[in-house]
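Protein chains in written order, with our numbering: chain A, 1 to 177; chain B, 1 to 426.
Take a look at the structure:
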């Protein structure tokens, strides 16, 4: 059985080159691809057409669940499980449940944000095919890399190679998965 | 980034002198004259309450701007450099606010029943539903070291002079830096911010306690200064957003503002919405939980009539503040798309300004009681004078801003952070 392909990697020499190459790869309609740069390149996310992170949705959901949990906790303990009048106050009031609900909103929101981040970026990931290549070392030092993965619906070994060549990539290589 | 220390001056749009400052002055004077006419319709006391509402509102806005300038300098912030200049124009209103405050003091000296009853220890509390005189009131005598005419005038005068001085330092430093680009102006602003922040924190707490909280001097709340601080900064951020909208529409800010600036000021507005809610809820919650009559009466008269126990209009105003001052801006500002839409932000900023005014009315007006000790209703003809006073004092503040506007560049072009601010990326 032939080794399957993870994707194709191309090398660029400057931030400007990879920026413009990224725009063209984006416009060609690729989805499963990435840029590897040794330093942050301002505006590269825009050139790649990266959408805003979906992590805030996790945060909002976590916050909402935390608030409901806090309110329910105080309601259940104070008004259902062990009803006890304290200081002439009602058995349940959103007033005194609020500090607890508020804290749990923040706590669950923080958990959901961290968890959502890990879920969305696929971490922890102990192995990645790219780490086998020689390119990656330069990509962490002085070269700029574009990787187009074979899982992309538009991926086709020959035409993708041609595209990367046409946008100025060098050392274009297929990577084993 | 070496290139970020100076921006190209020719890229900064020219500022036109004819910007409607005359119109603002006319509206301001008109509002003031209408408010004075209100004395003959509703009497001096109600108009004094209206005037105090307007003064508390607009002084708060100017204080918020001053605080944002100082917070910018003390944190060595970058993105806010482009909007800071507008706040520097805004704080030029302090001297006019100080002047407009004088009539209130004079009126209260002539007749303490007009506003601050604690100016006169012989004041008969029976006329507002109490008994005895102010001087016989044990809750007054315990607080009399602070709640007296001399302390009031001294604290108010020192506060206004201090704010005017701080405003003049930041304006001088920033405007001079446009000319020579010297870093010493930034350093000076940073030093004055370090001095000015604690000074302003103390003085804004003092004035809001003396002007507003002591209208009902029985009351205790350690959160009051913080509440006013939150109100001030929320208001100033809302004004900042409205100025950004105005200058974008007019063309000045075209190519200067990016969605990252909108996002940042939106985030700050959102953060202060939560902060305001935290502080305001804490005040309510602690009083609710402790359930001490000297504290709860303040909320009681804002919900039920003291004489009959019937629900009054202030309960619904309170509910409006709960939902309108917190839930509406909270959900209105939470999304990213909301924060980067100038149109939506203009709606939110206008809403926040309006609800701050209602919150200040809620804090001031129920202290105006009839002979049964019941607060006057929220919806009544005398609120018209609150509106005219707010327009009057506001017109003067806007005039002061517009008068200062053409005297300097649109943005601090030689500020060491201006390059970072112009190319700011979240």
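The C-beta atom is built at its ideal place from N, Cα and C for all residues, glycine as well.
Just checking: is the beta-carbon of residue i within a distance shorter than 8 angstroms of some beta-carbon in chain A?
i	result
residue 300 of chain B	no
residue 150 of chain B	no
residue 289 of chain B	yes
residue 425 of chain B	yes
residue 263 of chain B	no
residue 12 of chain B	Model confidence at residue 12 of chain B stands at a pLDDT of 47, short of 50, so the residue's coordinates are unreliable; what they give is reported in the following sentence. So, not an interface residue.
residue 336 of chain B	yes
residue 101 of chain B	no
residue 123 of chain B	no
residue 429 of chain B	Nothing about residue 429 of chain B can be reported from this structure: the residues present for chain B run from 1 to 426 only.
residue 281 of chain B	yes
residue 327 of chain B	no
residue 285 of chain B	yes
Measure the alpha-carbon distance for residue i versus residue j and round it to whole angstroms.
i	j	result
residue 211 of chain B	residue 362 of chain B	14 angstroms
residue 59 of chain A	residue 406 of chain B	45 angstroms
residue 295 of chain B	residue 85 of chain B	42 angstroms
residue 25 of chain A	residue 166 of chain B	54 angstroms
residue 56 of chain A	residue 49 of chain A	19 angstroms
residue 422 of chain B	residue 263 of chain B	14 angstroms
residue 309 of chain B	residue 125 of chain B	21 angstroms
residue 316 of chain B	residue 326 of chain B	15 angstroms
residue 174 of chain A	residue 193 of chain B	58 angstroms
residue 115 of chain B	residue 400 of chain B	28 angstroms
residue 64 of chain A	residue 39 of chain B	51 angstroms
residue 106 of chain A	residue 115 of chain A	14 angstroms
residue 332 of chain B	residue 411 of chain B	29 angstroms
residue 384 of chain B	residue 376 of chain B	14 angstroms
residue 208 of chain B	residue 217 of chain B	12 angstroms
residue 318 of chain B	residue 298 of chain B	12 angstroms
residue 180 of chain B	residue 186 of chain B	12 angstroms
residue 172 of chain A	residue 139 of chain A	14 angstroms
residue 129 of chain B	residue 190 of chain B	51 angstroms
residue 188 of chain B	residue 170 of chain B	8 angstroms
residue 71 of chain B	residue 200 of chain B	12 angstroms
residue 40 of chain A	residue 237 of chain B	31 angstroms
residue 135 of chain B	residue 272 of chain B	40 angstroms
residue 323 of chain B	residue 329 of chain B	9 angstroms
residue 108 of chain B	residue 158 of chain B	19 angstroms
Along the alpha helix (DSSP H) that carries residue i, what are the first and last residues, could you check?
i	result
residue 17 of chain A	15-27
residue 192 of chain B	183-211
residue 135 of chain A	135-139
residue 36 of chain B	21-42
residue 355 of chain B	342-364
residue 101 of chain A	94-121
residue 48 of chain A	44-48
residue 124 of chain A	Per DSSP, residue 124 of chain A belongs to no alpha helix (DSSP H) and is neither H nor E.
residue 179 of chain B	149-180
residue 293 of chain B	293-300
By the DSSP assignment, the beta strand (DSSP E) with residue i in it spans what residues?
i	result
residue 147 of chain A	144-149
residue 241 of chain B	Residue 241 of chain B -> not in any beta strand (DSSP E); alpha helix (DSSP H) instead, spanning 224-250.
residue 172 of chain A	170-176
residue 34 of chain A	33-36
residue 160 of chain A	Counting along the chain, residue 160 of chain A falls outside any beta strand (DSSP E), though it belongs to the alpha helix (DSSP H) covering 157-166.
residue 11 of chain A	5-12
Is the Cβ of residue i closer than 8 angstroms to any Cβ of chain B?
i	result
residue 51 of chain A	no
residue 233 of chain A	Not covered by the structure: residue 233 of chain A. The range shown for chain A is 1 to 177.
residue 96 of chain A	yes
residue 1 of chain A	At residue 1 of chain A the pLDDT is 39, less than 50, meaning the model places this residue with poor confidence and gives no usable figure here.
residue 6 of chain A	no
Using 8 angstroms for Cβ pairs, my map puts residue i next to residue j. What's the rounded Cβ distance?
i	j	result
residue 152 of chain A	residue 31 of chain A	6 angstroms
residue 57 of chain B	residue 413 of chain B	So it is not a contact: roughly 33 angstroms between Cβ atoms.
residue 276 of chain B	residue 234 of chain B	6 angstroms
residue 225 of chain B	residue 204 of chain B	7 angstroms
residue 227 of chain B	residue 280 of chain B	6 angstroms
residue 159 of chain A	residue 129 of chain A	Their Cβ separation, rounded to whole angstroms, is 21 angstroms, which puts residue 159 of chain A and residue 129 of chain A out of contact at 8 angstroms.
residue 135 of chain A	residue 8 of chain A	About 11 angstroms; that fails the 8 angstroms criterion.
Below 8 angstroms, how does it come out for the segment 386-398 of chain B and the segment 33-53 of chain B: are there three or more Cβ pairs, yes or no? yes
Below 8 angstroms, how does it come out for the segment 162-176 of chain B and the segment 94-103 of chain B: are there three or more Cβ pairs, yes or no? yes
Could you tell me whether the segment 13-28 of chain A touches the segment 156-175 of chain A, where touching means 3 or more Cβ pairs closer than 8 angstroms? yes
Would the segment 339-356 of chain B count as touching the segment 366-376 of chain B if we require 3 or more Cβ pairs under 8 angstroms? no
Are the segment 32-48 of chain A and the segment 6-18 of chain A touching by the rule of at least three beta carbon pairs closer than 8 angstroms? yes
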